[in-house]
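Novice: The structure follows.
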Amino acid sequence: MELLSVATLGNDLGLKPMGDRYYSLTNDIDVKLEFTGGLTYIYHFNKNFVTNFRSGAPIVDCFTDQIGDTLQALAYLIHDANYTPCHYLFNEHPLSKKESDKLLYQMLVYS
225 MELLSVATLG NDLGLKPMGD RYYSLTNDID VKLEFTGGLT YIYHFNKNFV
275 TNFRSGAPIV DCFTDQIGDT LQALAYLIHD ANYTPCHYLF NEHPLSKKES
325 DKLLYQMLVY S
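To convert, take the position in the sequence shown, counting from 1, and add 224; that gives our numbering.
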């Protein structure tokens, strides 16, 4: 499956720094991912969802930004969500770690 489009539905990211490279969202956000074959993923993020976007020590910042532009930020945000147990999925992960990492790669290439 190939990623065809990434779109936010509604609000901007709106970030509140929390310290130690963590941020919380100041808005509810919906992100729609469309793939070949008609597959669509929609991610809903509640206001106050906590993320560190791209993990890694500050030394990595000279090679790639922690947050990046909007599409990179969405890639990192969705990757964090996929690594976070989801209440609506009975505390399961939305995707396996392998599939989450593949999706992150596709989204970064797309960005």
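Note that CB positions come from ideal geometry on N, CA and C, so glycine has one too.
These numbers were taken from a predicted model, which means no experiment stands behind them.
Taking its Cβ as the centre, do 16 or more other Cβ atoms sit within 10 Å of T260, making it buried, or is it exposed?
Specialist: exposed
Novice: With DSSP run on the structure shown, which of helix, strand or coil describes L301?
Specialist: Here L301 sits in helix by DSSP.
Novice: Assuming L249 contacts N276 under a Cβ cut-off of 8 Å, what Cβ separation, rounded to an integer in Å, is found between them?
Specialist: About 13 Å; that fails the 8 Å criterion.
Novice: So if DSSP puts K240 in a beta bridge, which residue, or which two residues, is it bridged to?
Specialist: S248
Novice: I need the straight-line Cα distance from Q166 to L327, nearest angstrom please.
Specialist: The structure shown has nothing for residue 166, since the chain only spans 225 to 335.
Novice: Just verifying my parser: in three-state terms, what is the DSSP assignment at K321?
Specialist: helix
Novice: Out of H317, G238, A231, point me to the one whose CA is closest to Y247's CA.
Specialist: From the listed residues H317, G238, A231, the smallest Cα separation to Y247 is found for G238.
Novice: Check whether the Cβ atoms of A305 and Y334 sit closer than 9 Å, and answer yes or no.
Specialist: no
Novice: Determine whether the Cβ of L332 lies closer than 9 Å to any Cβ atom of chain D.
Specialist: Of the protein chains in this structure there is only one, and it is not chain D.
Novice: Whose CA, out of E323, L228, H303, lies closest to the CA of T264?
Specialist: L228
Novice: For my contact list, D254 and T232 are in at a C-beta cut-off of 8 Å; report their separation, rounded to the angstrom.
Specialist: 7 Å
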